[in-house]
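Input: a single structure, listed below in structure tokens.
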Amino acid sequence: MDALMAAADGERAKKKGIRKAIFAFIIAMAALTFFSNTLLGISLAEVTVEKSAAGTLSHEVTGSGTVESAETADVYVETNWVASEVAVKVGDKVKAGQELVVFKTRETEDSLKDNQARYAQKQLSLEKLQENYQETFRSSDEKLMRSTARDIESTQLDMQILERQIANQQRQLAESSRLTAPVSGIVTAVNAVKGAPVQSGKAAVSIADLSKGQQMKSTIDDAKAPYVAVGDKTELIFATLNNARIPAQITDIRDAVSANGQSGEKGKELTFTLKDDRLKGGETGEFDIVKKTAAFRSLLPNDAVREDDQGTYVLLLKEKKGPLGTEYIAQRANVQIGDADDTKTSIENGITPLDKVIVSSSKSIADGDRVRADP
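Per full-length UniProt numbering, the very first residue in the sequence shown carries number 1; after that it's consecutive.
Okay, here's the thing in structure tokens:
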């Protein structure tokens, strides 16, 4: 009897041990499943989401350029006279009528006197020929008369040539012996050098006409060009003038010209006109033009919009209930986009205002991937 009871007790203990082992195994498996899911969750990409919202886009066009005169007066000299005095240098402020360059004119003055003397000689010769003609006329020597008449005509032609030379030299001496400023402004170039003639084809002095104001040119990308127009007003900021803001207006937009002279390769060139007595030319100005659009019903950050060979899409955050809680899945949604600025894009269709759109992730993700999120 005792043996039977002992056997029964052993059997119960064995079964109890088996139950404990099974329970421990279930606990261990649950723990392993929990921790494996926890580790898996930690390894998943962490994402941030946003819902699309109505709003406006702001197109910003920025750039810089160098101020130059809106109109420049170039002062040329038509002679090869040597400059004896150069009274100005680049950057000088001059008034209309102010002396710029004085030239050595001694040779031209001497040549003028020589031509005047030759003219006087020709005049004496003409008078003598006319007297001879009268004598031959009385003698009725037709051959001699024709010869004398030809000599008279030749002398008169020589005198006409001398008259033109004398008048031209007198004009040159009156107009070009001293160059003066035709306008008030800032000297931007001086090609006259003391002791040498001005190089052919170059202005002796160039003057920025202050009365015409200034201009600044700047090149922007073609993509930005639709957001500016002739007539737009803005302010140019000049760091060299303690960040002064000077009103300006866009007066011209054209294809930019590259170094090889071809257009349309480097975007659009904007020309701003402005006027400020503090500007002398050469200053760098900066601009920031912002234009807001009409309201859009659905805007998303640019980072949320993706593109591949199948088109444009976004990734939506979708919830999936599991035995251990909620899982989050990235799901592709093809979209049609509209206008965009530097930060946001208009979504024309493909999502609803309630959709949670993945904007960023801690690692690369694709359609169907599990992710971590704090929606």
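Backbone N, C-alpha and C define an ideal beta-carbon position, used for all residues, glycine too.
Please classify residue i: does DSSP put it in a helix, a strand, or coil?
i	result
L40	The pLDDT assigned to L40 is 49, lower than 50, so where the model puts this residue is not dependable, and the model offers no usable value.
Q353	One point to set straight first is that residue 353 is Pro, not Gln, in the sequence displayed. If DSSP states are grouped into helix, strand and coil, P353 belongs with coil.
N302	helix
A244	strand
A223	helix
A54	strand
K212	helix
A229	coil
I358	strand
A239	helix
T293	coil
R278	coil
G338	strand
S364	coil
Just tell me which of the options has its CA closest to the CA of residue i.
i	options	result
E163	V82, K95, A120 and E85	A120
D222	A333, E127, S154 and T62	T62
D374	L44, S43 and T48	T48
L57	A294, A333 and K363	A294
E283	F296, V77 and L274	L274
V198	S177, L210 and M216	S177
V88	I186, R146, W81 and E269	I186
L129	T148, V75, K320 and A117	T148
V183	S139, G213, A192 and K356	G213
N243	Q98, E286 and Q172	E286
K218	T251, A189, G195 and A196	Residue identity differs from the one stated: residue 218 is Ser in this sequence, not Lys. That would be T251, whose Cα lies nearest to the Cα of S218.
A366	T343, K268 and Q331	Q331
W81	E71, R106, V75 and T66	R106
V290	D232, S64, L126 and T66	D232
Y76	L100, G325, A53 and K266	L100
L126	D158, T136, L144 and D114	D158
S52	K356, S362 and G368	K356
F272	N302, D303, A229 and L299	A229
S64	A248, T108, T136 and S140	A248
F103	R118, E78 and Y133	E78
L210	R372, E71, L299 and R118	E71
S69	Q215, G195 and E269	Q215
Against chain B, does residue i count as a neighbour if the rule is that its beta carbon must be under 9 Å from one of theirs?
i	result
K95	The structure shown contains no chain B, having only a single protein chain.
Check the DSSP bridge columns for residue i and list the partner residues they point to.
i	result
D308	G311
S346	L299
G63	F287
residue 376	What the structure shows of the chain is the stretch from 1 to 375, and residue 376 is not part of that stretch, so it cannot be assessed.
I253	L270
A45	V371
- request: Counting only runs of 3+ residues fully inside the UniProt domain "CzcB-like barrel-sandwich hybrid" (72-209), write out the beta strand (DSSP E) ranges in chain order.
  value: List check, beta strand (DSSP E) in window: 72-75, 83-86, 99-103, 178-180, 185-190 and 205-209.
field: At least 3 beta-carbon pairs within less than 8 Å: the segment 234-243 vs the segment 278-285
entry: A contact between stretches requires three or more CB pairs, one per stretch, nearer than 8 Å, and the segment 234-243 meets this requirement with the segment 278-285.
message: With three or more C-beta pairs closer than 8 Å as the rule, is the segment 193-210 touching the segment 94-108?
response: The segment 94-108 vs the segment 193-210: in contact.
field: the segment 309-322 contacting the segment 347-358, beta-carbon criterion three pairs below 8 Å
entry: Contact holds: three or more Cβ-Cβ distances are below 8 Å.
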